[in-house]
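These notes are about the structure you will find just below.
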Amino acid sequence: MTLAMRMQIRREMICGLLLSCVLGWASASVDQQQCELAADNSSEKCGQKLVPVRLGLEWFTNPDHLPLIVAIEHGIFEDFGLNVTLVEPVDHWEAEEEILAGRLDVAVTEPLHLAQDAALGKPVVGFSRFLHTDGGVIYDAGAGNIRRPADMCGKTISYPGSPGPGGPAIVDTMVRADGKTDCDIESYGKHNGGFFHTDALQSGKADVATLIFWNFEIPEARAKGMKEAAFFSLKEWGVPDFCQLVLMTTPARFVEMQPIFRKLVLAMRRATGMIHQQPDLTRQYYYTYVNRDNADQTTRDIIDATFTATLPAFPNDNNMSSEYYERLMAWLIDTNQVDDSKTASQIPVSTYWTNEVSW
0 MTLAMRMQIR
10 REMICGLLLS
20 CVLGWASASV
30 DQQQCELAAD
40 NSSEKCGQKL
50 VPVRLGLEWF
60 TNPDHLPLIV
70 AIEHGIFEDF
80 GLNVTLVEPV
90 DHWEAEEEIL
100 AGRLDVAVTE
110 PLHLAQDAAL
120 GKPVVGFSRF
130 LHTDGGVIYD
140 AGAGNIRRPA
150 DMCGKTISYP
160 GSPGPGGPAI
170 VDTMVRADGK
180 TDCDIESYGK
190 HNGGFFHTDA
200 LQSGKADVAT
210 LIFWNFEIPE
220 ARAKGMKEAA
230 FFSLKEWGVP
240 DFCQLVLMTT
250 PARFVEMQPI
260 FRKLVLAMRR
270 ATGMIHQQPD
280 LTRQYYYTYV
290 NRDNADQTTR
300 DIIDATFTAT
310 LPAFPNDNNM
320 SSEYYERLMA
330 WLIDTNQVDD
340 SKTASQIPVS
350 TYWTNEVSW
């Protein structure tokens with residue numbers, strides 16, 4: 000065989016190998032695209048079995064849930080091998096009962112409710128904080144009869160859970176922090192307006208409303224015509240700052256799903272980074288998710304204002320300290336919201352809060 004023939008054969012072999020590589024890459028690329036298309040709305044992604052996670056919200060879908068919405072819309076949960084379904088409560092529910100019944104795996108709650116449930120001996124454990132906003136007691140500054148917390152003495156309070164002790168406990172703590180120590184706790188009127196705080200104030204059924212997050216209720220009130228809606232902040236007037244949202248489950252489910260919950264935390268943390276770094280894309284995801292374009296003008300105004308107000312409220316640090324919960328529980332006992340005869344003050348924080356997956 001001549002040298003020229005050997006060179007020709009070698010060229011043909013090299014060309015064949017190159018063509019095979021190109022065709023293989025193209026085929027793999029097409030396969031990958033087809034795989035991703037087929038994976039939409041399924042329990043698998045490119046051969047990877049997605050783990051289903053049923054996550055119960057504490058309220059209707061709103062900007063407080065942005066890390067969850069972004070993680071769904073951007074495919075972040077899928078990247079972590081999770082198929083997360085958000086479940087809105089039809090009415091109020093006891094999340095731990097839904098988890099024990101197998102209808103949920105994890106739920107959103109507030110530190111206040113987590114501590115109250117722990118004091119009642121319910122099987123609950125919180126494991127990741129994902130929202131920290133401001134809030135407290137909303138009032139109409141335009142009405143002119145309330146200018147400082149002390150002015151709330153004896154006023155009618157609207158709050159979920161009325162006529163329970165929660166509303167007066169919050170308001171009276173603020174009144175006392177403002178220097179008025181002779182206000183009778185029995186002097187407060189009570190109105191159960193649920194979470195329709197603005198309606199309670201505008202209808203005249205209440206003078207103030209509590210258990211509000213400023214990033215939602217203040218923009219909502221202003222969009223509904225209360226131009227001078229204002230609030231007294233918990234953190235400024237003696238009340239432990241529980242204007243936060245956390246993830247919770249039962250202790251048994253936490254042990255069972257701990258690696259999965261770690262992935263859930265990491266996925267939401269990545270989504271939080273997107274929220275801060277790409278707010279315009281986040282806005283697109285949220286508007287699509289809540290179907291903003293089909294809402295009436297007032298609702299669109301509320302969606303716009305609450306979205307903007309909520310953007311800064313997502314922390315990178317998902318941990319919470321034992322000292323925080325000890326102080327919160329002490330306040331609940333001092334204000335007779337939980338019964339210390341059941342030794343609430345002796346309940347170790349470690350039984351209802353853990354940072355094991357939130358580091």
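Numbering that gives the first Met the number 0 puts the first residue of the sequence shown at 0, with every later residue one more than the last. Beta carbons are placed, not taken as given, at the ideal position from N, Cα and C, and that holds for glycine.
Q) If you compare alpha carbons, which of I332, S157, Y323 is closest to T359? A) In this structure the chain extends from 0 to 358, so residue 359 is not present and cannot be described.
Which partner residues of F231 appear in the DSSP bridge assignment?
As a position in the sequence shown, residue 231 is number 232, starting the count at 1. F231 is bridged to V136.
inquiry  = Please classify N290 as buried or exposed, where buried requires at least 16 other C-beta atoms within 10 Å of its C-beta.
reply    = Numbered from 1 along the sequence shown, position 291 holds the residue referred to as residue 290. Exposed, since its Cβ has fewer than 16 Cβ neighbours within 10 Å.
Just reading off the beta strand (DSSP E) that G188 is part of, what are its end residues? The count along the sequence shown starts at 1 and reaches residue 188 at position 189. Run containing G188: 188–190, per the beta strand (DSSP E) assignment.
Notebook entry, point to check: Do A140 and K179 have their C-beta atoms closer together than 8 Å?
Noted result: By one-based count along the sequence shown, residue 140 stands at place 141. By one-based count along the sequence shown, residue 179 stands at place 180. Going by C-beta atoms, A140 is not nearer than 8 Å to K179.
Over the uninterrupted alpha helix (DSSP H) stretch that includes V105, give me the two end residues. The sequence position of residue 105 within the sequence shown is 106, counting from 1. Where V105 is concerned, there is no enclosing alpha helix (DSSP H), although the beta strand (DSSP E) it sits in stretches over 105–108.
What's the C-alpha gap between A25 and F79? Residue mapping note: residue 25 aligns to position 26 of the sequence shown, counting from 1. Residue mapping note: residue 79 aligns to position 80 of the sequence shown, counting from 1. Because the pLDDT of A25 is 44, which lies under 50, any placement of that residue in the model is unreliable, and the number read from its coordinates should be weighed accordingly. Spanning the two alpha carbons is a distance of roughly 26 Å.
Taking 8 Å as the cut-off, decide whether the C-beta atoms of F212 and D63 are in contact.
-> Indexing the sequence shown from 1 puts residue 212 at position 213. Indexing the sequence shown from 1 puts residue 63 at position 64. Yes, Cβ-Cβ distance for F212 and D63 is below 8 Å.
Checklist entry - Mapping DSSP to helix, strand and coil, what is L49? => result Along the sequence shown, one-based indexing puts residue 49 at 50. Coil.
*Look up Q415 in the DSSP assignment and say whether it is helix, strand or coil.*
The question about residue 415 has no answer here: the residues shown for the chain are numbered 0 through 358.
- Item | A208: first and last residue of the uninterrupted beta strand (DSSP E) it sits in | Here residue 208 is taken as the residue at index 209 of the sequence shown, counted from 1. 207–212 is the extent of the beta strand (DSSP E) around A208.
Name the DSSP beta bridge partners of S157, please?
As a position in the sequence shown, residue 157 is number 158, starting the count at 1. Beta-bridge pairing links S157 to H190, A208.
Q: Following the continuous alpha helix (DSSP H) through H196, name the residue where it begins and the one where it ends.
A: For the purposes of this step, residue 196 is taken as the residue at position 197 of the sequence shown. Per DSSP, H196 belongs to the alpha helix (DSSP H) from 196–201.
Discussion item. I need the straight-line Cα distance from P51 to Q283, nearest angstrom please.
Written reply: Here residue 51 refers to the residue found at position 52 of the sequence shown. Here residue 283 refers to the residue found at position 284 of the sequence shown. Approximately 25 Å, taken between the alpha carbons.
Give me the Cα-Cα distance between R102 and R53, rounded to the nearest whole angstrom. Taking the first residue of the sequence shown as 1, we reach residue 102 at position 103. Taking the first residue of the sequence shown as 1, we reach residue 53 at position 54. One C-alpha to the other measures close to 8 Å.
**Request:** Compute the Euclidean distance between the alpha carbons of K189 and M328, then round it to the nearest angstrom.
**Result:** Position 190 of the sequence shown, counted from the start, is the residue given in the question as residue 189. Position 329 of the sequence shown, counted from the start, is the residue given in the question as residue 328. Using only the alpha carbons, I get a separation of about 23 Å.
Between the region 239–246 and the region 123–134, are three or more C-beta pairs nearer than 8 Å?
yes
(message) Assuming contact is defined by CB atoms lying nearer than 8 Å, are D171 and R147 in contact in what I supplied?
(response) The residue labelled residue 171 in the question sits at position 172 within the sequence shown. The residue labelled residue 147 in the question sits at position 148 within the sequence shown. Result no, Cβ atoms of D171 and R147 do not sit closer than 8 Å.
- Within this structure, are the beta carbons of V107 and L56 separated by less than 8 Å? As a working mapping, residue 107 is identified with position 108 in the sequence shown. As a working mapping, residue 56 is identified with position 57 in the sequence shown. Against a cut-off of 8 Å, the Cβ pair of L56 and V107 comes out as a contact.
_Buried versus exposed, by CB contacts within 10 Å (16 or more), L36_ = As a first step, residue 36 must be located in the sequence shown, where it is residue number 37. At L36, the pLDDT of 43 sits below 50, so the modelled position is not reliable; the number obtained from the coordinates is stated separately. Counting of Cβ neighbours within 10 angstroms places L36 among the exposed residues, the total staying below 16.
In the DSSP assignment, the beta strand (DSSP E) including R128 goes from what residue to what residue?
For the purposes of this step, residue 128 is taken as the residue at position 129 of the sequence shown. It spans 124–131 - the beta strand (DSSP E) in which R128 sits, taken as one unbroken run.
**Asked** Does the beta-carbon of D39 have 16 or more other beta-carbons within 10 angstroms, so that it is buried, or is it exposed?
**Response** Residue numbering aside, residue 39 sits at position 40 when the sequence shown is read from its first letter. Note that D39 has pLDDT 45, beneath the 50 cutoff, so the model's placement of it is unreliable and no number is given.
(message) Output needed for C152: all residues of its chain with C-beta closer than 7 Å, excluding positions within five of it in sequence on either side, in chain order.
(response) Your numbering for residue 152 matches position 153 in the sequence shown. Answer for C152: V174, K179, C182, S186, listed in chain order.
Whether or not the region 209–227 and the region 69–86 are in contact is what I'm after, with contact meaning three or more pairs of Cβ atoms, one per stretch, closer than 8 Å; do they touch? no
* Rounded to whole angstroms, how far is the Cβ of T297 from the Cβ of A222, which I believe are closer than 8 Å? -> Here residue 297 is taken as the residue at index 298 of the sequence shown, counted from 1. Here residue 222 is taken as the residue at index 223 of the sequence shown, counted from 1. Confirmed, Cβ separation roughly 6 Å.
Residue burial classification, S28 (beta-carbon count within 10 angstroms, cutoff 16):
Counting from 1 along the sequence shown, the entry for residue 28 is found at position 29. Note that S28 scores a pLDDT of 47, beneath 50, so its modelled location is shaky and nothing firm can be said.
- Item | Rounded separation between S344 and P278 - CA only | As a position in the sequence shown, residue 344 is number 345, starting the count at 1. As a position in the sequence shown, residue 278 is number 279, starting the count at 1. Going by the C-alpha atoms only, they are around 42 Å apart.
- Would you tell me roughly how many angstroms separate the C-alpha atoms of M267 and L67, rounded to the nearest one? Counting from 1 along the sequence shown, the entry for residue 267 is found at position 268. Counting from 1 along the sequence shown, the entry for residue 67 is found at position 68. In this structure, the CA atom of M267 is about 6 Å from the CA atom of L67.
Tell me the DSSP secondary structure of V83 in three-state form.
Within the sequence shown, numbered from 1, the residue matching residue 83 stands at position 84. Strand, per DSSP.
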